[in-house]
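Remarks on the structure that follows.
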Amino acid sequence: MSAIKQQLSKVLSQATNADISPDDFVLPPKNIDADICLPCFELAKKMKKNPTELAQEIAKINDTTVFERVNAAGPYVNFWLADAFLTGEALSETGSFDAAQDDIIKKQKTVMVEFAHPNTHKAFHIGHLRNIITGESISRILEFIGYKIIRANYQGDVGLHIGKALWGIKQLAAEYEKIKKESLDKRINFLGRAYALGGQTYETNEQAKKEVNELNEKIYGKDDSIQEIYETTRAWSLEYFDKIYQRLNTKFVRLYFESEVFARGKELTLEYLKKKVFKKSQGAIIFEGEKYGLHSRVFINSIGFPTYEAKDLALAEAQFKEFKPERIIHVVGKEQTDYFKVLFKALEFVLPKSKDKEKHLAYGWVSLKSGKMSSRTGQVVLGEWLLDEVEKKISEIMFKSELENKDEVVKKVSAAAVKYAMLKIGVDHDMAFDINESVSVEGDSGPYLLYIVARIKSVIAKHKIQSPKLSAQGGSAAGGKSKTNLKAFFVLHSSEKKLLLELTGFGEMVQKAGQELDPSCIAKYLLDLAHCFNNFYHDCPVLKADDEVRNFRLLLIQKVCETMETGLTLLGIETVDKM
RNA sequence: GCUCCCGUAGUUCAACGGAUAGAACACCAGCCUUCUAAGCUGGAUACGUAGGUUCGAUUCCUACCGGGGGCACCA
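Per this note's numbering, residue 1 is the first one in the first sequence, and the count goes up by one each step.
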């Protein structure tokens with residue numbers, strides 16, 4: 001699309017003596033019949049003309065190589081692109097993909113994307129699922145644009161929550177010994193119950209609270225008496241997390257742990273206490289956020305333990321030292337927005353080079369719509385449970401299928417359903433998750449997109465069987481026709497034209513997704529592309545068309561398939577050949 | 001109390017300050033002897049309220065109403 005805009009601006013600027021930039025062009029709203037439009041408001045202002053009159057003036061230009069028709073509609077100029085020009089731009093080998101890669105940042109600058117961060121000994125819930133799916137997609141988008149990406153994961157394995165879990169385990173000591181030999185699922189289930197018991201009792205029972213706090217001290221102090229139980233159960237959690245990462249197709253190059261940074265975090269805080277960055281207050285050591293329009297936060301509590309905030313200082317130090325990132329993107333829920341503001345401000349003093357390089361990517365709350373299950377009442381929806389439920393649903397739909405690799409297809413389609421459902425909504429937007437409806441398999445859904453790819457591959461496969469010679473000629477389905485040979489031999493069908501136009505938008509869309517760190521742009525684009533393809537598929541037969549038309553359409557659907565697969569990959573979604 | 005975010009069809013989500021506010025789900029009516037009907041076509045329904053800035057506001061500003069988050073020793 002950017003190439004098309006450039007061409008248009010060149011042609012129009014020459015013809016009118018006006019300075020029309022590629023950025024002046026916009027895509028028409030859905031209800032307007034045109035390929036591309038030029039609103040004349042800004043331009044008219046610059047030229048001190050009436051926008052409507054200017055539009056009429058511009059619409060007099062006639063250039064059949066770029067556009068075949070043009071008219072003025074009030075202050076807008078609407079263009080209909082020439083078939084040959086549009087076809088060439090849309091189907092060129094690199095075209096839309098190249099536009100997505102930004103030269104300025106293509107110098108292999110390193111960006112760390114830090115996401116997932118579940119805490120050991122605690123449940124892995126659907127919020128974590130959204131976190132990982134989002135973080136992975138952001139990583140892939142930035143990678144595609146040209147950054148070197150470090151996937152990092154910061155996991156909480158010390159702190160009060162561990163104390164609560166260990167306290168719960170001690171109450172269930174007999175079961176703990178027995179369950180050690182059981183399956184991972186059973187051990188995790190046990191751990192979840194132990195944590196819940198500890199957490200609930202902590203709130204209501206003073207004695208238990210005291211004991212949990214003592215356990216917490218022992219964890220920080222690496223007390224021998226709890227090492228076995230701590231290490232064993234920590235390993236269970238990590239084993240379980242690994243399983244989920246694999247299932248979601250995410251790999252981290254660096255796992256950070258709170259246990260490796262807390263000591264240094266305390267050190268740093270004390271060091272900068274001397275330099276007056278921090279301050280003693282009511283027995284604790286705090287950062288006075290109020291000085292900067294923020295709020296104050298505790299870095300070392302009155303017992304002398306570093307809090308989350310102190311640990312994060314040391315984490316940042318380690319991350320910058322180890323990878324020298326241009327930017328660190330922390331994918332963390334939006335409830336921590338104000339927390340990060342304070343942390344980043346404190347970091348500016350402790351680690352000046354971090355300034356403007358730390359970014360909190362806040363994603364919206366995953367809430368539950370249906371009344372029965374509420375996180376409020378303490379019932380957490382587990383991430384794995386959701387994945388399993390969706391797989392069940394897809395299995396039912398595919399019950400009659402006779403595909404050889406049915407299990408694999410079920411898994412991929414299910415993953416697509418969950419990932420798409422979570423990515424199609426703007427990152428910062430809360431999502432109400434309805435267990436029954438949210439993961440749909442039709443309409444605006446992951447499976448719908450996979451269906452397009454499967455349809456295309458099926459057509460191409462049939463073509464290869466029917467005309468093996470033709471398809472063997474070149475690398476592409478239509479026999480490797482080059483761009484210049486693609487002069488339209490026929491008039492494009494309106495569905496073909498819309499599909500071609502949609503294809504040209506890919507590069508700009510990825511750019512936007514990268515800039516805004518929002519995968520939902522891509523989800524939206526792919527849905528539009530899918531819709532355009534389905535209309536084309538409905539209106540234009542491929543294999544039954546005459547030779548030249550067929551070859552052209554094969555090339556077109558091949559390009560749609562590539563674009564769809566690339567886009568889905570950016571969402572972390574794998575495609576299937578048949579479904 | 002202070003502060004931040006959010007209010008768009010019945011529901012879940014879209015819309016760089018610009019044309020008739022788009023989809024999807026659900027509902028109704030059609031379309032498979034024709035490349036995968038997980039599809040396509042048609043139909044009804046929406047910018048929380050009141051002001052302001054602007055040629056033009058769902059978008060920016062103010063107030064109000066409604067929902068959610070955060071605000072010291074949790075992560």
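For each residue, glycine too, the CB sits at the ideal point set by N, CA and C.
Exercise for the section: Note down the Cα distance separating Ser13 from Leu361, rounded to an integer number of angstroms. Expected result: In the first sequence, the residue the question calls residue 13 occupies position 13. In the first sequence, the residue the question calls residue 361 occupies position 361. If you take the alpha carbons of Ser13 and Leu361, they lie about 41 Å apart.
Handout entry: Proximity of Phe344 and Ile150 at Cβ, strictly below 8 Å
Key = Within the first sequence, numbered from 1, the residue matching residue 344 stands at position 344. Within the first sequence, numbered from 1, the residue matching residue 150 stands at position 150. Contact flag unset, no.
Problem - Exposed unless 16 or more other CB atoms sit within 10 angstroms - verdict on Asp546 - result: Reading the first sequence from its first residue, position 546 is the one you call residue 546. Exposed, since its Cβ has fewer than 16 Cβ neighbours within 10 Å.
Practice task
Can you tell me the Cβ-Cβ gap for Leu347 and Leu313, rounded? I've got them flagged as a contact below 8 Å.
Solution key: Counting from one through the first sequence, the residue named residue 347 turns up at place 347. Counting from one through the first sequence, the residue named residue 313 turns up at place 313. Contact flag correct, Cβ pair sits at about 6 Å.
Handout entry: Buried or exposed by the 16-neighbour rule on C-beta atoms within 10 Å, applied to Tyr292
Key = Residue mapping note: residue 292 aligns to position 292 of the first sequence, counting from 1. By the 10 Å Cβ count, Tyr292 comes out exposed.
Handout entry: At least three beta-carbon pairs within less than 8 Å, the segment 1-11 to the segment 53-71
Key = yes
Exercise for the section: Answer yes or no: do Lys279 and Glu288 have a C-beta to C-beta separation smaller than 8 Å? Expected result: Translated into positions along the first sequence, residue 279 becomes position 279. Translated into positions along the first sequence, residue 288 becomes position 288. For Lys279 and Glu288, yes; Cβs fall inside 8 Å.
Exercise for the section: Can you tell me the Cβ-Cβ gap for Ile132 and Thr250, rounded? I've got them flagged as a contact below 8 Å. Expected result: Position 132 of the first sequence, counted from the start, is the residue given in the question as residue 132. Position 250 of the first sequence, counted from the start, is the residue given in the question as residue 250. Confirmed, about 6 Å.
Practice task
Please state whether DSSP places Thr64 in a helix, a strand or coil.
Solution key: The residue given as residue 64 occupies position 64 in the first sequence. Thr64: coil per DSSP, three-state reduction.
Exercise for the section: May I ask you to report which of helix, strand or coil DSSP gives Glu203? Expected result: As a first step, residue 203 must be located in the first sequence, where it is residue number 203. Glu203: helix per DSSP, three-state reduction.
Exercise for the section: Can you tell me which of Tyr240, Ala284 and Lys209 puts its alpha carbon nearest to the alpha carbon of Gly163? Expected result: Numbered from its first residue, the first sequence carries residue 163 at position 163. Among Tyr240, Ala284 and Lys209, the Cα nearest to that of Gly163 is on Lys209.
Handout entry: Separation of Ala235 from Tyr176, as counted between CA atoms
Key = Along the first sequence, read from residue 1 onward, the residue named residue 176 stands at position 176. Along the first sequence, read from residue 1 onward, the residue named residue 235 stands at position 235. Approximately 14 Å, taken between the alpha carbons.
Practice task
Report yes if the CB atom of Leu315 is closer than 8 Å to the CB atom of Lys578, and no otherwise.
Solution key: By 1-based counting over the first sequence, the position of residue 315 is 315. By 1-based counting over the first sequence, the position of residue 578 is 578. No, the pair does not count as a contact, with Cβ atoms beyond the cut-off.
Exercise for the section: Within its chain, find whatever has a CB closer than 7 Å to the CB of His125; leave out the 5 residues flanking it on each side and keep chain order. Expected result: Within the first sequence, the letter at position 125 stands for residue 125. Once the five neighbours on either side are set aside, the close Cβ partners of His125 are Val380, Val381, Leu382 and Gly383.
Practice task
Would you tell me roughly how many angstroms separate the C-alpha atoms of Tyr195 and Lys170, rounded to the nearest one?
Solution key: Counting from 1 along the first sequence, the entry for residue 195 is found at position 195. Counting from 1 along the first sequence, the entry for residue 170 is found at position 170. Computed Cα separation, rounded: 11 Å.
Exercise for the section: Confirm, please, whether the CB-CB distance from Phe25 to Val510 is below 8 Å. Expected result: Position 510 of the first sequence, counted from the first residue, corresponds to residue 510. Position 25 of the first sequence, counted from the first residue, corresponds to residue 25. Going by C-beta atoms, Val510 is not nearer than 8 Å to Phe25.
Handout entry: For Thr110: DSSP bridge partner residues
Key = One-based indexing of the first sequence puts residue 110 at position 110. According to DSSP, which records beta bridges pairwise, Thr110 is partnered with Lys148.
Exercise for the section: Express the C-alpha separation of Ile286 and Glu258 in angstroms, rounding to a whole number. Expected result: Numbered from its first residue, the first sequence carries residue 258 at position 258. Numbered from its first residue, the first sequence carries residue 286 at position 286. Approximately 19 Å between the Cα atoms of the pair.
Exercise for the section: With a 10 Å radius around its C-beta and 16 neighbouring C-beta atoms as the bar for buried, classify Gly198 as buried or exposed. Expected result: What you label residue 198 is simply residue 198 of the first sequence in a count that begins at 1. Flag for Gly198 reads buried.
Handout entry: At least three beta-carbon pairs within less than 8 Å, the segment 183-193 to the segment 330-345
Key = no
Practice task
Please report how far the alpha carbon of Leu526 lies from the alpha carbon of Phe320, in whole angstroms.
Solution key: The residue labelled residue 526 in the question sits at position 526 within the first sequence. The residue labelled residue 320 in the question sits at position 320 within the first sequence. For Leu526 and Phe320, the distance between alpha carbons rounds to 36 Å.
Problem - Buried or exposed by the 16-neighbour rule on C-beta atoms within 10 Å, applied to Glu396 - result: Along the first sequence, one-based indexing puts residue 396 at 396. Label assigned to Glu396: exposed.
Handout entry: CA-to-CA distance, Thr269 to Ser281, given in whole angstroms
Key = Within the first sequence, the letter at position 281 stands for residue 281. Within the first sequence, the letter at position 269 stands for residue 269. If I take the Cα positions, the gap works out to 14 Å.
Problem - Cβ-based burial, Asn50 [other Cβ within 10 Å; buried from 16] - result: Position 50 of the first sequence, counted from the first residue, corresponds to residue 50. Looking at its Cβ environment, which holds fewer than 16 other Cβ atoms inside 10 Å, Asn50 is exposed.
Practice task
Pull up the distance between the alpha-carbon of Asn78 and that of Ser401, whole angstroms please.
Solution key: Position 78 of the first sequence, counted from the first residue, corresponds to residue 78. Position 401 of the first sequence, counted from the first residue, corresponds to residue 401. Approximately 48 Å between the Cα atoms of the pair.
Problem - Residues near Ala72 in its chain [Cβ-Cβ closer than 6 Å; skip 5 each side] - result: In the first sequence, counting from the first residue as 1, residue 72 sits at position 72. Ala55, Gln56 and Ala59.
Exercise for the section: Measuring alpha carbon to alpha carbon, tell me which of Arg297, Lys275, Lys274 and Lys276 ends up nearest Ala284. Expected result: One-based indexing of the first sequence puts residue 284 at position 284. The option with the nearest alpha carbon to Ala284 is Arg297.
Practice task
Identify, in the order they occur along the chain, each residue of the same chain with its Cβ nearer than 6 Å to the Cβ of Trp365, setting aside the five sequence neighbours on each side.
Solution key: Walking along the first sequence from the start, residue 365 turns up at place 365. Here the set comprises Asp430.
Exercise for the section: Have a look at Pro39 and Ala15 and give me their C-alpha separation to the nearest angstrom. Expected result: Here the question's residue 39 lines up with position 39 in the first sequence. Here the question's residue 15 lines up with position 15 in the first sequence. Using only the alpha carbons, I get a separation of about 17 Å.
Practice task
Check whether the Cβ atoms of Leu529 and Tyr420 sit closer than 8 Å, and answer yes or no.
Solution key: Position 529 of the first sequence, counting from 1, holds the residue named residue 529. Position 420 of the first sequence, counting from 1, holds the residue named residue 420. No, they are not a contact pair.
Practice task
On a CA-only basis, which of Leu501, Ala416 and Leu555 is nearest Thr575? Give me that one, please.
Solution key: Translated into positions along the first sequence, residue 575 becomes position 575. Taking only the C-alpha atoms, the option nearest Thr575 is Ala416.
Practice task
Taking only the alpha-carbon atoms, compute the straight-line gap between Ile226 and Gly127 and give it to the nearest angstrom.
Solution key: The sequence position of residue 226 within the first sequence is 226, counting from 1. The sequence position of residue 127 within the first sequence is 127, counting from 1. Rounded to whole angstroms, Ile226 to Gly127 spans 30 Å at the Cα level.
Exercise for the section: For Val640, collect the residues of the same chain with a Cβ closer than 6 Å to its Cβ; drop the 5 residues on either side in sequence, then sort them by chain order. Expected result: The shown model of the chain, from 1 to 579, leaves out residue 640, and the question about it has no answer.
Practice task
List the endpoints of the continuous beta strand (DSSP E) containing Lys280.
Solution key: In the first sequence, counting from the first residue as 1, residue 280 sits at position 280. Lys280 -> beta strand (DSSP E) spans Lys279 to Ser281.
Problem - Cβ neighbours of Glu89 in the same chain (closer than 7 Å, five flanking residues each side left out) - result: Here the question's residue 89 lines up with position 89 in the first sequence. If we look at Glu89 and ignore the five residues flanking it on each side, its Cβ neighbours are Ala3, Ile4, Gly95 and Thr504.
Handout entry: Unbroken beta strand (DSSP E) run spanning Glu358, endpoints
Key = Position 358 of the first sequence, counting from 1, holds the residue named residue 358. Glu358 -> beta strand (DSSP E) spans Glu358 to Tyr363.
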